[in-house]
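A.B. asks: I'd like to ask some things about the structure below.
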Amino acid sequence: MSKPIYSKNESICTLPDLVSVLQVKQRSEYGAILKKMKISIQEFEKYATWSDTCYTRNCIEENSDFELILICWSKAQKTAIHDHGGEECWVYVVDGDYGENIYEKNDQGELKRVKSLKIKSGDVTYMIDFMGFHNLENRSKGRAMSLHLYANPIKKCNVYDAEKKVFVRKELFYDTIEEIHQ
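For the record, in the sequence shown the residue sitting at position 88 is 196 according to my numbering, with numbers rising by one throughout.
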């Protein structure tokens with residue numbers, strides 16, 4: 109199957125098209141590509157699973173260059189403060205309202221919040237470890253979905269243990285794997 113021709117003026121309307129475009133483009137273009145998405149919420153829903161106890165990580169595509177994960181959030185769910193294991197991360201808000209907090213370590217090694225952002229449906233954010241640590245929180249009145257694009261796939265990261273006030277290494281896993289096969 110041939111790859112779709114994609115220009116900067118075109119919208120990306122399906123998840124298979126998004127995966128095809130990401131496979132042939134450089135990571136420097138990933139943010140602009142996500143901003144061009146016009147994919148319906150219904151297309152994401154076939155990859156969605158939900159939990160009342162914790163957000164879920166649902167794999168849409170994983171290969172040696174990138175990983176595309178749909179994270180499904182119930183009301184008020186949030187991540188711990190974390191890094192990205194040295195990988196770049198773009199977040200596209202599929203549906204919902206979120207808060208993102210950015211943290212840095214001060215000279216005493218303590219975490220200090222340096223920025224708070226409000227992000228909503230259609231927004232794209234970017235994070236890489238040299239920018240600090242962050243956490244995300246669903247601030248919607250109900251369920252929400254966000255699409256996370258990692259270049260390269262992220263298998264481990266450092267997560268802040270608020271009780272012990274230290275970072276711990278965490279292995280990451282998927283709640284579901286429903287990859288797009290082209």
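Where is the CB? At the ideal position from N, CA and C, for every residue including glycine.
The model shown is predicted, which means the values in this text are computed figures rather than measured ones.
Tell whether a beta-carbon distance below 8 Å holds between Glu-142 and Leu-257.
C.D. replies: Note that residue 142 is Leu in the sequence shown here, rather than Glu. Against a cut-off of 8 Å, the Cβ pair of Leu-257 and Leu-142 comes out as a contact.
A.B. asks: Check whether the stretch 166-177 touches the stretch 225-232, taking contact to mean three or more Cβ pairs, one atom from each stretch, closer than 8 Å.
C.D. replies: Judged by Cβ distances under 8 Å, the stretch 166-177 makes no contact with the stretch 225-232, as fewer than three pairs qualify.
A.B. asks: Excluding the five sequence neighbours on either side, which residues of its own chain have a C-beta within less than 7 Å of the C-beta of Asp-203, listed in chain order?
C.D. replies: Around Asp-203: Ile-149, Ser-229, Ala-252, Met-253.
A.B. asks: Taking the straight line between their C-alpha atoms, what separation do you get for Glu-208 and Cys-121?
C.D. replies: Roughly 27 Å separates the two Cα atoms.
A.B. asks: Measuring straight from C-alpha to C-alpha, what distance separates Leu-255 and Asn-166?
C.D. replies: Going from the Cα of Leu-255 to the Cα of Asn-166 covers about 9 Å.
A.B. asks: Contact check, Leu-219 vs Phe-241 under 8 Å by CB: the rounded distance?
C.D. replies: About 7 Å separates the two Cβ atoms, so the contact holds.
A.B. asks: Going by C-alpha to C-alpha distance, which of His-190, Asn-266, Val-267, Ala-184 sits closest to Arg-247?
C.D. replies: Ranking the options by Cα distance to Arg-247, first place goes to Ala-184.
A.B. asks: As an exercise, report each continuous beta strand (DSSP E) stretch of at least 3 residues that is fully enclosed by the stretch 129-181, in chain order.
C.D. replies: The stretch 129-181 contains these whole beta strand (DSSP E) runs: 164-170, 175-181.
A.B. asks: Under a Cβ-count criterion, where at least 16 other Cβ atoms within 10 Å of its own Cβ denotes burial, should Val-274 be classed as buried or exposed?
C.D. replies: Classification for Val-274: exposed.
A.B. asks: Is Leu-244 helix, strand or coil by DSSP?
C.D. replies: In this structure, Leu-244 counts as strand in the three-state DSSP scheme.
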